[in-house]
Structure formats: C-alpha cells, structure tokens
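Structure first, commentary second.
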Amino acid sequence: AIVTDQGGLTSHAAIVSRELGVPCVVGTTVATKKLKNNQVITVDANNDVYMAGDYSGTLTVASTSSSSIVAPSFLTGFGRLFVVKFPFTTNPTPYASWLRHSSHGSAASCSHGATGIAVDPTSASVYVTGIFNGIADFGNGVTLTSAKNGACPNQLYDYLIVKLNTSNASVGSPVWAIK
Numbered sequence: 002a003i004v005t006d007q008g009g010l011t012s013h014a015a016i017v018s019r020e021l022g023v024p025c026v027v028g029t030t031v032a033t034k035k036l037k038n039n040q041v042i043t044v045d046a047n048n049d050v051y052m053a054g055d056y057s058g059t060l061t062v063a064s065t066s067s068s069s070i071v072a073p074s075f076l077t078g079f080g081r082l083f084v085v086k087f088p089f090t091t092n093p094t095p096y097a098s099w100l101r102h103s104s105h106g107s108a109a110s111c112s113h114g115a116t117g118i119a120v121d122p123t124s125a126s127v128y129v130t131g132i133f134n135g136i137a138d139f140g141n142g143v144t145l146t147s148a149k150n151g152a153c154p155n156q157l158y159d160y161l162i163v164k165l166n167t168s169n170a171s172v173g174s175p176v177w178a179i180k
C-alpha cells in the first residue's frame with residue numbers, strides 16, 4: 002500500500018496507485034511519522050485500526066492520555082506477537098482499546114511474530130497470521146506448541162492463525178488458534 006501525509010484524490014500517489022492497482026491512503030497528516038515499514042495494519046468497516054507485529058522486552062500502548070496497556074516483559078533476544086485495536090477517532094492522538102499478546106502465563110517461550118492481519122466483513126473478528134517456535138499463549142486457554150527442533154535452539158518456525166473476538170471493544174478475546 003501507499004500511504005502519504007499529504008495529497009488528495011488527484012495527487013500523484015493516488016493516481017500512480019490506481020494505475021498500479023495498489024491500495025492507497027492519502028492526506029493522513031501523521032501516518033508516515035507513526036508507521037514503520039512492514040508493519041501489519043488493517044482497518045475494519047467501522048474505521049477502527051488494528052495493528053499486529055512483534056516486540057521484545059516490554060510493550061506499552063497508550064489507552065488514554067493518562068493510562069496505558071502493558072504487555073509483559075520477558076527475556077530479550079526473543080520476540081512476542083501482539084495485536085492492538087485503535088477505535089476510530091478524529092483525535093490526532095489515537096488510543097488503544099485493547100492489546101492481546103502471545104505471552105500470557107509463564108508457559109510462553111521462544112519467538113513469535115505476526116505476518117498478516119484481516120478483519121471479517123462484520124467487524125466481529127480479527128484474524129492474525131504469524132510464525133512461532135516454542136509455546137504461544139494468547140490467554141483464555143488458547144495456546145499453541147511447536148516442537149520443531151526442540152524448544153528454540155535454531156528457531157525453526159511453525160505457522161499460526163489466531164482468531165480474536167472484537168465484538169467486545171475492551172477485550173479482543175482469543176477464540177481459537179491453529180498451526
């Protein structure tokens with residue numbers, strides 16, 4: 002996709018993207034300052050934004066101007082998958098309504114990372130694809146285990162898909178995960 006901070010329907014970016022058949026978002030004001038290359042992002046029918054990726058250490062996301070949602074820290078050198086929902090707002094500073102990660106419980110191990118994200122047409126569920134080694138624990142009993150090459154040594158990965166329920170705006174509850 003092409004994303005620009007300036008421009009409109011007749012801008013160079015919009016015309017080139019149309020000709021190439023590439024999705025384009027123009028006139029965002031701040032997107033190129035906030036987004037990084039290869040971040041996994043999608044928007045639902047309600048204009049809510051979902052972002053997935055991986056983090057190491059601790060992940061903190063602002064949920065209001067004075068509070069945050071924190072994913073747990075863990076040993077550095079490994080990555081954990083995360084998904085965060087930013088409800089639609091006209092406020093230039095978006096705040097997250099929920100954050101889900103693959104580090105619930107003490108069983109989570111090795112590395113996990115997101116590779117794709119999609120929202121169903123009713124905006125009731127978000128699906129995240131990714132890779133993992135070891136144990137990916139999304140909470141609510143939704144856990145995957147990979148036995149490839151033991152627990153972590155050479156970081157051989159299995160693929161995963163996890164479904165999160167988005168109908169409850171404050172949770173993002175995991176429904177199932179498969180490898």
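Quick note: the sequence shown uses the numbering used here, first residue 2, plus one each step. All C-beta atoms in this analysis are idealised placements derived from N, C-alpha and C, irrespective of residue type, glycine included.
Span of the alpha helix (DSSP H), counted from its first residue to its last, around residue i
i   : result
A32 : A32 to K35
Beta-carbon proximity list for residue i, same chain, < 8 angstroms, skipping 5 on both sides
i    : result
F89  : N47, N48, D49 and V50
T123 : A46
A148 : none
K34  : D6
N- and C-terminal bounds of the beta strand (DSSP E) containing residue i
i    : result
V127 : S126 to F133
T23  : Checking the sequence, you will find Val at residue 23 rather than Thr. Note, V23: premise wrong, no beta strand (DSSP E); not H, not E.
T43  : V41 to V44
H102 : W99 to H102
DSSP beta-bridge partners of residue i
i    : result
A137 : L145
N166 : S126 and S174
S110 : Beta-bridge pairing links S110 to no other residue.
G8   : DSSP, once it has assigned bridges, lists no residue as partnering G8.
I16  : None, per the DSSP bridge assignment.
Cut-off 6 angstroms between Cβ atoms - residues of its own chain near residue i, not counting five sequence neighbours on either side
i    : result
V26  : V4
T61  : S69 and V71
A63  : S69 and Y96
V176 : K164 and N166
H102 : A72, R81 and F83
Whole-angstrom C-beta distance between residue j and residue i, which should lie under 8 angstroms
i    : j    : result
V129 : V84  : 5 angstroms
A15  : G22  : The Cβ separation is near 13 angstroms, so there is no contact.
I136 : S110 : 5 angstroms
* To do: Go through the stretch 54–97 residue by residue and report every complete run of the beta strand (DSSP E) that reaches 3 residues or more, in order.
  => Within the stretch 54–97, the runs of beta strand (DSSP E) that reach at least 3 residues and sit entirely inside it are, in chain order, 60–63, 69–72 and 81–87.
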